[in-house]
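Here the structure comes first, spelled out in structure tokens, and everything after it is commentary.
Number of protein chains: 2
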Amino acid sequence: MRSVRSSENNDLPTLEDVAARAGVSTATVSRSLNEPHRVSKATRDRVMAAVRELGYAPNFGAQALAAKRTNTFGAIIPTMENAIFARGLQAFQEHLSLHGITLLVASSSYSADLEEKQIRALVARGADALLLIGHDRTPQSYVFLENRKIPHVVAWVYDSAQPRLSIGFDNRKAMAALTRRVLDLGHQSIAAIVADVSENDRARERLQGVREAMRQAGMDPEDLRVVETPYSIANGAEAFAELMRHEERPTAVLCGNDVLAAGALKMARSLGIDVPGEVSITGFDDIELAEIVSPALTTVHVPHREMGKGAARLLIALRDGKHPGSSVELEATVQWRETLGPVCKAVE
Amino acid sequence: MRSVRSSENNDLPTLEDVAARAGVSTATVSRSLNEPHRVSKATRDRVMAAVRELGYAPNFGAQALAAKRTNTFGAIIPTMENAIFARGLQAFQEHLSLHGITLLVASSSYSADLEEKQIRALVARGADALLLIGHDRTPQSYVFLENRKIPHVVAWVYDSAQPRLSIGFDNRKAMAALTRRVLDLGHQSIAAIVADVSENDRARERLQGVREAMRQAGMDPEDLRVVETPYSIANGAEAFAELMRHEERPTAVLCGNDVLAAGALKMARSLGIDVPGEVSITGFDDIELAEIVSPALTTVHVPHREMGKGAARLLIALRDGKHPGSSVELEATVQWRETLGPVCKAVE
DNA sequence: TCGAAAAATGCAAGCGCTTACATTGCATAT
DNA sequence: ATATGCAATGTAAGCGCTTGCATTTTTCGA
Chain A
50 MRSVRSSENN
60 DLPTLEDVAA
70 RAGVSTATVS
80 RSLNEPHRVS
90 KATRDRVMAA
100 VRELGYAPNF
110 GAQALAAKRT
120 NTFGAIIPTM
130 ENAIFARGLQ
140 AFQEHLSLHG
150 ITLLVASSSY
160 SADLEEKQIR
170 ALVARGADAL
180 LLIGHDRTPQ
190 SYVFLENRKI
200 PHVVAWVYDS
210 AQPRLSIGFD
220 NRKAMAALTR
230 RVLDLGHQSI
240 AAIVADVSEN
250 DRARERLQGV
260 REAMRQAGMD
270 PEDLRVVETP
280 YSIANGAEAF
290 AELMRHEERP
300 TAVLCGNDVL
310 AAGALKMARS
320 LGIDVPGEVS
330 ITGFDDIELA
340 EIVSPALTTV
350 HVPHREMGKG
360 AARLLIALRD
370 GKHPGSSVEL
380 EATVQWRETL
390 GPVCKAVE
Chain B
50 MRSVRSSENN
60 DLPTLEDVAA
70 RAGVSTATVS
80 RSLNEPHRVS
90 KATRDRVMAA
100 VRELGYAPNF
110 GAQALAAKRT
120 NTFGAIIPTM
130 ENAIFARGLQ
140 AFQEHLSLHG
150 ITLLVASSSY
160 SADLEEKQIR
170 ALVARGADAL
180 LLIGHDRTPQ
190 SYVFLENRKI
200 PHVVAWVYDS
210 AQPRLSIGFD
220 NRKAMAALTR
230 RVLDLGHQSI
240 AAIVADVSEN
250 DRARERLQGV
260 REAMRQAGMD
270 PEDLRVVETP
280 YSIANGAEAF
290 AELMRHEERP
300 TAVLCGNDVL
310 AAGALKMARS
320 LGIDVPGEVS
330 ITGFDDIELA
340 EIVSPALTTV
350 HVPHREMGKG
360 AARLLIALRD
370 GKHPGSSVEL
380 EATVQWRETL
390 GPVCKAVE
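Residue numbers (the numbering used here), protein chains in the order written: chain A, 50 to 397; chain B, 50 to 397.
Set out below in structure tokens:
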């Protein structure tokens with residue numbers, strides 16, 4: 050074990066070194082750094098000079114241990130592989146860094162079990178608070194968060210039925226609005242390509258939205274053809290192909306997100322199916338991709354940045370023991386582009 | 050200040066609580082957890098039972114403070130907004146988590162100054178090692194890394210002239226190969242849309258690659274028209290429009306990455322310019338986007354996942370004081386798709 | 001059966017910082 | 001002058017864990 054005092058060796062400078070150099074106690078140095086107003090200007094200047102001369106930087110572990118906080122927040126998103134959460138996360142991070150908070154990111158690969166592990170890992174690493182996506186997770190996850198009293202907020206969803214603090218939009222309502230637009234154009238035979246709904250409330254709500262709109266339009270929700278498949282371009286393409294193999298083709302395919310829709314669009318092209326002439330395709334999320342594909346994707350615009358920033362704000366308030374207010378609902382609106390059109394009888 | 054011992058209050062259980070419950074010393078508990086082989090099976094079982102019963106989890110700060118390591122690595126990537134680094138980072142993370150290491154991600158927005166700040170922030174947060182992108186950064190960044198002896202590896206580039214440990218591909222060579230393909234098709238008038246090359250060696254090398262290929266083909270590199278602009282779809286589109294406003298239009302536009310190329314492609318479409326009939330467009334990176342756009346992008350395929358995994362391996366070796374070996378060069382190959390074609394005289 | 005080496009365990013000193021509480025110094029009111 | 005209050009600073013006790021060294025227990029060859 051090391052026994053020499055820090056001033057006698059060549060390790061990194063410590064608070065004590067700074068204190069010695071500035072001719073004050075370690076307490077004063079600590080305060081100069083963390084609560085400058087509690088220290089006289091003269092002393093503070095002297096301390097700061099010493100800090101600079103020594104190239105001092107606080108030791109993270111020691112700080113965390115003594116202060117019982119790390120100034121690190123965690124976020125667990127379903128995937129980093131595509132851009133669905135990128136913009137929101139970027140905004141989240143930007144807002145956090147304004148407050149001197151660092152962001153730690155982990156991904157759960159859309160698995161509740163893996164997410165539970167990641168929650169534990171991030172908390173073990175000292176995350177002061179957590180950003181989570183969606184309400185669906187293992188009961189143990191919630192128990193753990195409760196027990197450890199970890200401030201957390203759920204984003205990407207708003208569900209007034211859920212007691213938990215959240216910021217996002219009503220996935221069902223948004224999808225229902227989009228579906229109404231589709232039905233208004235005369236589509237009678239529609240299909241949906243969605244993610245596995247068993248552990249994903251966003252996907253589930255979106256699907257419910259479609260059914261709800263059908264019901265309102267006097268259609269039977271049972272008639273909706275649904276393909277469940279993990280989010281990816283390739284899967285979207287495959288699912289679309291499957292739908293098209295059926296003898297009675299749908300005239301509109303509603304996809305659970307833009308990635309699936311992009312895949313569907315790609316497959317339509319390679320099958321020589323005209324979009325939106327023969328089949329209309331819609332997405333959800335309005336990521337950059339939606340604007341790039343051709344024809345450009347009609348989708349649901351999601352307020353990524355507001356969500357990220359709002360989540361940061363809520364979480365900081367929560368961590369500081371302030372009352373964060375209640376869940377906030379943002380609007381997700383239909384973004385009209387080119388892949389949605391009226392049913393075209395001419396083709397038949 | 051709290052003065053009661055942990056066993057008397059309702060805080061989280063500590064090592065001491067576990068030790069008391071198992072009837073051993075804290076040292077034995079610590080060893081059971083970290084070096085199980087140094088403890089007899091009987092004791093270990095008893096300790097583990099106590100751990101489970103108490104729901105014990107080690108305190109991160111204390112562990113970091115005492116062990117002088119956090120089992121956390123950091124990565125600083127230029128941007129999280131698009132998918133350029135996503136796949137590589139995902140692979141990096143997957144490999145790290147196999148070794149019980151958590152990943153901390155920060156983004157520098159392609160700014161060397163900001164990157165320096167992020168480096169300091171991550172190190173302050175206890176990152177044991179860092180993944181960095183490209184060789185270009187402030188001298189102070191390198192001084193800092195040297196002084197603190199932070200293991201680090203540079204990814205996304207391989208440059209035999211650089212002494213620093215790196216894993217990646219030769220950007221210049223890859224771009225030169227692509228350019229040769231372009232020139233072989235008869236293109237005489239070519240242009241490039243690249244990122245700001247002043248703080249970005251990848252962009253610089255790619256540009257040099259184009260010039261090198263031109264020189265080899267007996268052309269004057271001075272004839273290359275170059276537009277510098279930050280990576281984004283919108284900027285790619287704008288740059289392309291600018292090139293097309295010129296009276297003598299290039300017949301091929303080489304873009305610094307797929308995002309710029311996607312923007313260019315989008316603009317070509319809205320200007321009614323046929324790709325690759327009138328103008329060929331190429332990208333770089335081969336992200337998912339490249340396959341989605343229509344026509345599909347001819348680009349340079351980058352071994353994202355191998356790079357991420359390899360970087361993790363190098364970094365772990367480095368941290369453990371083992372000899373990681375030397376820099377590794379991976380191959381980046383031309384990915385032929387649809388946006389590159391021969392010069393079409395017929396149009397004129 | 002005994003002694004020595006090896007294995008298992010315990011002891012306790014830190015790791016570098018924060019912060020409750022004590023002390024000092026100084027301006028202001030009396 | 002003296003008492004009073006407050007701001008500035010210091011003192012020192014932890015925070016919960018790891019680990020070098022000391023001590024105890026076990027193992028095993030002779």
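A virtual CB, placed ideally from N, CA and C, is assigned to each residue, including glycine.
Computed from a predicted structure; not experimentally measured.
(1) Chain B partners of residue 384 of chain A, CB-CB under 7 Å?
(2) Going by DSSP, which residues form a beta bridge with residue 2 of chain A?
(3) Apart from the five residues just before and just after residue 92 of chain B, which ones in its own chain have a Cβ nearer than 8 Å to its Cβ?
(4) Please check the pair residue 123 of chain A and residue 179 of chain A, which I expect to be a contact at CB under 8 Å, by giving their CB distance rounded to whole angstroms.
(5) Within a Cβ cutoff of 6 Å, which residues of the same chain sit near residue 385 of chain B, ignoring the five residues on either side of it in sequence?
(6) If you count every other CB in all the chains shown that lies within 10 Å of the CB of residue 265 of chain B, and 16 or more means buried, which is it?
(7) Do the CB positions of residue 382 of chain B and residue 328 of chain B come within less than 9 Å of each other?
(8) Secondary structure at residue 150 of chain B, three-state DSSP: helix, strand or coil?
(9) What do you get for residue 96 of chain A, buried or exposed, if any count of 16 or more other CB atoms within 10 angstroms of its CB means buried?
(10) Under the rule that 16 or more other beta-carbon atoms within 10 Å means buried, what is residue 353 of chain A, buried or exposed?
(11) Go through the region 264-321 of chain B residue by residue and report every complete run of the alpha helix (DSSP H) that reaches 4 residues or more, in order.
(12) Of the choices A:110, A:356, A:116, whose alpha-carbon is the least far from that of residue 117 of chain B?
(13) Output needed for residue 421 of chain A: all residues of its chain with C-beta closer than 6 Å, excluding positions within five of it in sequence on either side, in chain order.
(14) Tell me which residue opens and which closes the alpha helix (DSSP H) that residue 110 of chain A is part of.
(15) Quick one: is residue 52 of chain A near chain B, going by C-beta distance under 9 Å?
(16) What are the complete alpha helix (DSSP H) segments, minimum 4 residues, inside the region 322-359 of chain B?
(17) Quick one: give me the first and last residue of the beta strand (DSSP E) that residue 218 of chain A is part of.
(18) Taking residue 358 of chain A as the reference, give the member of A:141, A:104, A:87, A:127 with the closest Cα.
(19) With distances taken from CA atoms, which of A:332, A:314, A:202 is nearest residue 377 of chain A?
(20) For chain B, check one thing: does any of its Cβ atoms lie closer than 9 Å to the Cβ of residue 306 of chain A?
(21) Kindly identify the DSSP beta-bridge partner or partners of residue 123 of chain B.
(22) Looking only at its own chain, which residues have a Cβ that is under 6 Å from the Cβ of residue 339 of chain B, when we skip the five neighbours before and after it?
(23) CB-CB under 8 Å to residue 132 of chain B, same chain, minus the five flanking residues each way: which ones, in chain order?
(24) Between the region 202-234 of chain A and chain B, which residues of the former have CB atoms less than 9 Å from a CB of the latter, in chain order?
(25) Mind pulling the chain A residues with CB within less than 9 Å of residue 130 of chain B?
(26) If we ignore side chains and look at the alpha-carbon of each, how far apart do residue 98 of chain A and residue 194 of chain A end up?
(27) Helix, strand or coil for residue 384 of chain A per DSSP?
(28) Could one say the Cβ of residue 397 of chain A lies closer than 9 Å to chain B's Cβ atoms, at least one of them?
(29) Provide the residue span of the beta strand (DSSP E) that contains residue 96 of chain A, from first to last.
(30) With DSSP collapsed to three states, give me the class of residue 58 of chain B.
(31) What are the residues of the region 318-330 of chain A that lie near chain B, defined by any Cβ-Cβ distance shorter than 9 Å?
(32) Please report the straight-line C-alpha distance between residue 114 of chain B and residue 114 of chain A, rounded to a whole angstrom.
(33) Anything in chain A within Cβ reach of residue 175 of chain B, meaning under 7 Å, just list it in chain order.
(34) In the structure shown, what three-state DSSP assignment does residue 240 of chain A receive?
(35) Using a threshold of 9 Å, state whether the C-beta atoms of residue 256 of chain A and residue 305 of chain A are closer than that.
(36) Of all the options A:83, A:100, A:236, which has the alpha carbon lying nearest to the alpha carbon of residue 326 of chain A?
Reading from the atomic positions:
(1) Within the first sequence, the letter at position 335 stands for residue 384 of chain A. Chain B residues near residue 384 of chain A: none, gap ~16 Å exceeds 7 Å.
(2) Limits of chain A in this structure are 50 at one end and 397 at the other, which puts residue 2 of chain A out of reach.
(3) Here residue 92 of chain B corresponds to residue number 43 of the second sequence, with the count starting at 1. Result list for residue 92 of chain B: 71, 73, 77, 81, in chain order.
(4) Within the first sequence, numbered from 1, the residue matching residue 123 of chain A stands at position 74. Within the first sequence, numbered from 1, the residue matching residue 179 of chain A stands at position 130. The pair is a contact, with the Cβ atoms about 5 Å apart (cut-off 8 Å).
(5) The residue given as residue 385 of chain B occupies position 336 in the second sequence. Correct list, in chain order: 347.
(6) Within the second sequence, residue 265 of chain B is the residue found at index 216, counting from 1. It is exposed - the Cβ of residue 265 of chain B has fewer than 16 other Cβ atoms within 10 Å.
(7) Counting from one through the second sequence, the residue named residue 382 of chain B turns up at place 333. Counting from one through the second sequence, the residue named residue 328 of chain B turns up at place 279. No, the pair does not count as a contact, with Cβ atoms beyond the cut-off.
(8) As a first step, residue 150 of chain B must be located in the second sequence, where it is residue number 101. Three-state DSSP puts residue 150 of chain B in coil, outside helix and strand.
(9) Numbered from its first residue, the first sequence carries residue 96 of chain A at position 47. When all chains shown are included, residue 96 of chain A counts as buried.
(10) The residue you call residue 353 of chain A lines up with position 304 of the first sequence. So residue 353 of chain A counts as buried.
(11) 282-294, 307-320
(12) One-based indexing of the second sequence puts residue 117 of chain B at position 68. The shortest Cα separation from residue 117 of chain B among A:110, A:356, A:116 belongs to A:110.
(13) No statement about residue 421 of chain A is possible, as the shown extent of chain A runs from 50 to 397 and does not include it.
(14) In the first sequence, counting from the first residue as 1, residue 110 of chain A sits at position 61. Element bounds for residue 110 of chain A: 109-116.
(15) Translated into the one-based positions of the first sequence, residue 52 of chain A becomes position 3. The predicted position of residue 52 of chain A is uncertain, since its pLDDT is 34 and thus under 50; no value can be drawn from it.
(16) 337-341
(17) Within the first sequence, the letter at position 169 stands for residue 218 of chain A. Here residue 218 of chain A belongs to no beta strand (DSSP E), and DSSP marks it neither H nor E.
(18) What you label residue 358 of chain A is simply residue 309 of the first sequence in a count that begins at 1. Closest by alpha carbon: A:141.
(19) Residue numbering aside, residue 377 of chain A sits at position 328 when the first sequence is read from its first letter. The option with the nearest alpha carbon to residue 377 of chain A is A:202.
(20) The residue you call residue 306 of chain A lines up with position 257 of the first sequence. With 9 Å as the cut-off, residue 306 of chain A does not count as an interface residue toward chain B.
(21) Within the second sequence, residue 123 of chain B is the residue found at index 74, counting from 1. DSSP output for residue 123 of chain B lists B:153, B:179 as bridge partner(s).
(22) For the purposes of this step, residue 339 of chain B is taken as residue 290 along the second sequence, with counting starting at 1. Counting only Cβ-Cβ distances below 6 Å, and skipping sequence neighbours, we find 307, 332, 346, 348.
(23) Stepping through the second sequence from its first residue, residue 132 of chain B is reached at position 83. Cβ within range, chain order: 336, 337, 338.
(24) none
(25) Numbered from its first residue, the second sequence carries residue 130 of chain B at position 81. Per Cβ cutoff of 9 Å: 132, 135, 136, 139, 337.
(26) As a working note, residue 98 of chain A is residue 49 in the first sequence. As a working note, residue 194 of chain A is residue 145 in the first sequence. Approximately 42 Å between the Cα atoms of the pair.
(27) Here residue 384 of chain A refers to the residue found at position 335 when the first sequence is read from its first residue. Strand, per DSSP.
(28) Locating residue 397 of chain A in the first sequence gives position 348, counting from the first residue. No answer about residue 397 of chain A holds up, because its pLDDT of 42 lies below 50 and its placement is not dependable.
(29) Here residue 96 of chain A corresponds to residue number 47 of the first sequence, with the count starting at 1. Premise fails: residue 96 of chain A lies in the alpha helix (DSSP H), 90-103, not in any beta strand (DSSP E).
(30) For the purposes of this step, residue 58 of chain B is identified with residue 9 of the second sequence, where counting begins at 1. Reliability of the predicted coordinates at residue 58 of chain B is poor, the pLDDT of 40 falling under 50, and the value obtained from them is presented with this limitation in mind. Residue 58 of chain B falls in the coil class under three-state DSSP.
(31) 318
(32) Taking the first residue of the second sequence as position 1, residue 114 of chain B is located at position 65. Taking the first residue of the first sequence as position 1, residue 114 of chain A is located at position 65. Answer to the nearest angstrom: the Cα atoms are 8 Å apart.
(33) By 1-based counting over the second sequence, the position of residue 175 of chain B is 126. Those within 7 Å of residue 175 of chain B in chain A are 109, 110.
(34) Here residue 240 of chain A refers to the residue found at position 191 when the first sequence is read from its first residue. In the structure shown, residue 240 of chain A sits in a strand (DSSP, three-state: E or B).
(35) In the first sequence, counting from the first residue as 1, residue 256 of chain A sits at position 207. In the first sequence, counting from the first residue as 1, residue 305 of chain A sits at position 256. A contact, by the Cβ cut-off of 9 Å.
(36) Position 277 of the first sequence, counted from the first residue, corresponds to residue 326 of chain A. The shortest Cα separation from residue 326 of chain A among A:83, A:100, A:236 belongs to A:236.
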